[in-house]
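The numbering used here puts the first residue of the sequence shown at 565, with every later residue one more than the last.
Each residue gets a CB set at the ideal place from its N, CA and C atoms; glycine is no exception.
Only one structure is covered here, and it is reproduced in the block below.
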Amino acid sequence: MQNNDKQIIGLKKQKLQKLKDLGVNPYPIENQRDTLIEQLLSDQQGCIDAAKEVVICGRLRALRRQGKIGFADLEDSSGRLQMYVSKQETGEDNYEVFKLFDLGDIVQAQGVAFITKTGHFSLKVKKVVMLSKGIRPLPTVKQKEVDGKLVRFDEFVDTELRYRKRYLDLILNPDVKRTFEYRAKIVSKIRQILDERGFLEVDTPVMQPLYGGANAKPFTTFYNSLGKDFYLRIATELYLKRLIVGGYEKVYEIGKNFRNEGVDRTHNPEFTAIELYEAYSDLQGMMEITQDILVLVAKEVMGKDEFLFNGYNIKVAAPFKRASMAELVQEYTGEDFSELDFDKLSDFCKSKGIKVSPSMGAGALLAEVFDAFVEDKLIQPTFVVDYPKEISPLAKEKDEDKRLTDRFELFIGGKEFANAFSELNDPLEQSARMEDQSKKREMGDDEANTVDYDFLEALEYAMPPTGGLGIGIDRLIMLLTENDSIRDVMLFPQMRAVK
565 MQNNDKQIIG
575 LKKQKLQKLK
585 DLGVNPYPIE
595 NQRDTLIEQL
605 LSDQQGCIDA
615 AKEVVICGRL
625 RALRRQGKIG
635 FADLEDSSGR
645 LQMYVSKQET
655 GEDNYEVFKL
665 FDLGDIVQAQ
675 GVAFITKTGH
685 FSLKVKKVVM
695 LSKGIRPLPT
705 VKQKEVDGKL
715 VRFDEFVDTE
725 LRYRKRYLDL
735 ILNPDVKRTF
745 EYRAKIVSKI
755 RQILDERGFL
765 EVDTPVMQPL
775 YGGANAKPFT
785 TFYNSLGKDF
795 YLRIATELYL
805 KRLIVGGYEK
815 VYEIGKNFRN
825 EGVDRTHNPE
835 FTAIELYEAY
845 SDLQGMMEIT
855 QDILVLVAKE
865 VMGKDEFLFN
875 GYNIKVAAPF
885 KRASMAELVQ
895 EYTGEDFSEL
905 DFDKLSDFCK
915 SKGIKVSPSM
925 GAGALLAEVF
935 DAFVEDKLIQ
945 PTFVVDYPKE
955 ISPLAKEKDE
965 DKRLTDRFEL
975 FIGGKEFANA
985 FSELNDPLEQ
995 SARMEDQSKK
1005 REMGDDEANT
1015 VDYDFLEALE
1025 YAMPPTGGLG
1035 IGIDRLIMLL
1045 TENDSIRDVM
1055 LFPQMRAVK
């Protein structure tokens, strides 16, 4: 803590004690707020004409005192309003309370709306009440008036501090608050779209005795009463499919997943995703609903279809481009790997410095080439289809080519946004694929799937043909709010410990 901050905290604590000496509770139970600031601002002349006393509450964001009068800006969640406070209006005792106010305090003000001599719509205060005395100073954010509007400069921009102390970020940066308000609206709109289409929202376990549904390394915890390891889920897929077996035909879950991986601009170990499953649907149905969700949310929540993301202007409009993985690899490398020739792929990877591990087959190598040469080139929304079966253990193989699956991933701005399958519902084939994944784990692939025998048993009772889809909520919000870091759309992102 800086010495200057220590001095300020000391002065604030002295004011806190003075309030108590005056018989004022600096943290009272009750408040009498009956009006939001926005209600006053939206009908200024009507409020002045009515001359009705109102009570507003909020945080002090500006404070100017001179002798027997003072001006203060009060801010609540709906807006900011100037207050005119004078000893003549409040009385001497209440004005003494006002003199102990500081920036950042939460206060209540009772008064009537009027226009000051300088033409500012304001509240002429009759009484002030301290609701919560702050004892730590807010970081300074400067502002000045330009053409009748407040312009901010020298903002609270230290990103490390902003993420660690999100509460300060929200207080001091209005655009940050708007991002998370949009986040809530986006998630609400997705729910509305699915609910209107007959989907049922469900909850599945976060702690699981086995993990599966994705290629990822899990977080491990210990369940004391059961005396065994459990895992934080890496996906909701296998539990949601059990519900399809059980007779629900349309289900979805929006919730947290956890993957024990690195942190960068687009990855966080704890993230939010939606997974949905629809019986008697397939990959084409999932493609349509993915496109509908993105287009409708962009239009109806954000009010536009063009967004600046990752340095690119993205157009979120139907129809999205569609191309196979092999076609795109050939387009960007000049090499035709459609035959999935292991030797050819292996030689190419080695020549380009792409790591080849013993557990990799031709399909995994094709995916590595795609990641290295294609992924970051897919700027406008693109459905990449025909993924190798080797890297798609939960997807149905294609009738016309058994080496490939009926799967897509959606890429935007060079990043993956969604993943979907025509879901594998053959229990014998699914068992064989899980066993193959288990062998890959034994060969050192710690992201390979485990064998979930209970899930396999569920499939043996017959799961209807089903389309499944997962969308990363955080990345979608990054796109729609035009933020390039996942930390800017997560209220409390994971941070390294301060040394």
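Pairwise C-alpha distance: residue j and residue i
{"i": "G739", "j": "D1038", "result": "At residue 739 the sequence reads Asp, which differs from the Gly that was named. Cα to Cα, D739 sits roughly 17 Å from D1038."}
{"i": "P773", "j": "L1020", "result": "15 Å"}
{"i": "Q578", "j": "E656", "result": "20 Å"}
{"i": "Q609", "j": "T682", "result": "16 Å"}
{"i": "A636", "j": "R742", "result": "24 Å"}
{"i": "V1053", "j": "M771", "result": "25 Å"}
{"i": "A928", "j": "F720", "result": "45 Å"}
{"i": "D1000", "j": "V865", "result": "44 Å"}
{"i": "R628", "j": "N1047", "result": "36 Å"}
{"i": "I808", "j": "T897", "result": "41 Å"}
{"i": "K908", "j": "K966", "result": "20 Å"}
{"i": "K962", "j": "L968", "result": "6 Å"}
{"i": "P957", "j": "D911", "result": "25 Å"}
{"i": "L992", "j": "V948", "result": "27 Å"}
{"i": "G917", "j": "L758", "result": "44 Å"}
{"i": "T723", "j": "D905", "result": "47 Å"}
{"i": "M1007", "j": "P922", "result": "7 Å"}
{"i": "L1033", "j": "L736", "result": "38 Å"}
{"i": "D1009", "j": "Y1017", "result": "20 Å"}
{"i": "T768", "j": "V693", "result": "47 Å"}
{"i": "E973", "j": "E617", "result": "58 Å"}
{"i": "F678", "j": "K691", "result": "16 Å"}
{"i": "G1065", "j": "A1061", "result": "With the chain covering 565 to 1063 only, the question about residue 1065 has no answer from this structure."}
{"i": "Q630", "j": "G698", "result": "22 Å"}
{"i": "I750", "j": "T680", "result": "41 Å"}
{"i": "A890", "j": "F884", "result": "18 Å"}
Residue of the options minimising C-alpha distance to residue i
{"i": "A882", "options": "M851, S888, E891 and V893", "result": "M851"}
{"i": "G826", "options": "I572, R971 and I1050", "result": "I1050"}
{"i": "I857", "options": "Y896, V880, E899 and F835", "result": "V880"}
{"i": "R886", "options": "L840, A862, F975 and L802", "result": "F975"}
{"i": "P590", "options": "F665, E999, E993 and I1041", "result": "F665"}
{"i": "K781", "options": "F678, E1024, E1011 and Y659", "result": "E1011"}
{"i": "M998", "options": "G777, V861 and E839", "result": "G777"}
{"i": "K753", "options": "L1040, Y841, A799 and V1062", "result": "L1040"}
{"i": "L1082", "options": "G1008, R829 and S696", "result": "Since the displayed the chain opens at 565 and closes at 1063, residue 1082 lies outside it and no answer follows."}
{"i": "E964", "options": "D950, L958 and S956", "result": "D950"}
{"i": "S642", "options": "Q603, G631 and K632", "result": "Q603"}
{"i": "A799", "options": "S789, Y816, G849 and P952", "result": "Y816"}
{"i": "E867", "options": "S1002, P952 and Y746", "result": "Note that residue 867 corresponds to Gly in the displayed sequence, not to Glu. That would be Y746, whose Cα lies nearest to the Cα of G867."}
{"i": "A615", "options": "Q756, L575, Q674 and Q581", "result": "Q674"}
{"i": "A862", "options": "L804, T1045 and K1004", "result": "T1045"}
Neighbourhood of residue i by C-beta, 6 Å cutoff - its chain only, sequence neighbours within 5 removed
{"i": "N989", "result": "M1027"}
{"i": "R623", "result": "E639 and I670"}
{"i": "G925", "result": "E954"}
{"i": "S606", "result": "none"}
{"i": "C621", "result": "N595, R597 and Q672"}
{"i": "I1105", "result": "As shown, the chain starts at 565 and ends at 1063. That puts residue 1105 outside it, with no answer to give."}
{"i": "S1002", "result": "V1015"}
{"i": "N779", "result": "E1011"}
Beta carbon proximity, residue i to chain C, threshold 9 Å
{"i": "T1014", "result": "No chain C appears in the structure shown, which is made up of a single protein chain."}
Sequence-distant residues of the same chain with beta carbon closer than 8 Å to residue i, five excluded per side
{"i": "V893", "result": "E899, F901, L930, V933, F934, F937 and V938"}
{"i": "I878", "result": "E870, F871, L872, I943, Q944, P945, I976, G977 and L1043"}
{"i": "D793", "result": "T784, T785, F786 and Y787"}
{"i": "N601", "result": "One detail in the question is off: residue 601 reads as Ile in this sequence, not Asn. Taken in chain order, the residues that qualify are I620, G622, L638, E639, D640, S642, G643, R644 and L645."}
Supposed close pair residue i, residue j - CB separation, criterion 8 Å
{"i": "L734", "j": "L702", "result": "The pair is not a contact, with the Cβ atoms about 12 Å apart (cut-off 8 Å)."}
{"i": "T1014", "j": "E987", "result": "Actually they do not touch by this definition, with Cβ atoms about 18 Å apart."}
{"i": "A984", "j": "L847", "result": "6 Å"}
{"i": "T979", "j": "D970", "result": "What sits at residue 979 in the sequence shown is Lys, not Thr. Contact doesn't hold; Cβ gap of about 23 Å is too wide."}
{"i": "R644", "j": "R625", "result": "6 Å"}
{"i": "F662", "j": "V649", "result": "5 Å"}
{"i": "R797", "j": "F822", "result": "7 Å"}
{"i": "V689", "j": "E660", "result": "V689 to E660, Cβ: 14 Å. No contact."}
{"i": "Y775", "j": "E813", "result": "About 26 Å; that fails the 8 Å criterion."}
Close-in-space but distant-in-sequence residues of the same chain around residue i (CB under 7 Å, 5 per side omitted)
{"i": "K914", "result": "V920"}
{"i": "R700", "result": "I573"}
{"i": "Q646", "result": "F635, D637, H684 and S686"}
{"i": "M1059", "result": "Y727 and R728"}
{"i": "D613", "result": "none"}
{"i": "Q581", "result": "none"}
{"i": "G762", "result": "K814"}
{"i": "V588", "result": "V661 and M694"}
Residue i: CB within 8 Å of a non-hydrogen atom of the ligand ZN
{"i": "R728", "result": "With respect to the ligand ZN, the structure shown offers nothing to examine, as it has no ligands at all."}
Report task. Jot down the residue ranges of each uninterrupted alpha helix (DSSP H) in the segment 829-889, minimum 4 residues, whole runs only, in chain order. Result -> Fully contained in the segment 829-889 are the following alpha helix (DSSP H) runs of length 4 or more, in chain order: 847-861.
Query raised in the report: Can you list, in chain order, the stretches of the alpha helix (DSSP H) that have 4 or more residues and sit fully within the segment 734-796?
Result: Note on the segment 734-796: whole alpha helix (DSSP H) runs with a minimum of 4 residues are 738-760, in chain order.
Requested in this report: Would you mind listing the alpha helix (DSSP H) stretches within the segment 971-1022 that are 4+ residues and don't spill past its ends, in chain order?
Outcome: 991-1006, all fully within the segment 971-1022.
Query raised in the report: Which residue spans inside the segment 881-963 form an unbroken alpha helix (DSSP H) run of at least 4?
Result: As for any alpha helix (DSSP H) of minimum length 4 sitting wholly inside the segment 881-963, the runs are 889-897, 906-915 and 926-937, ordered along the chain.
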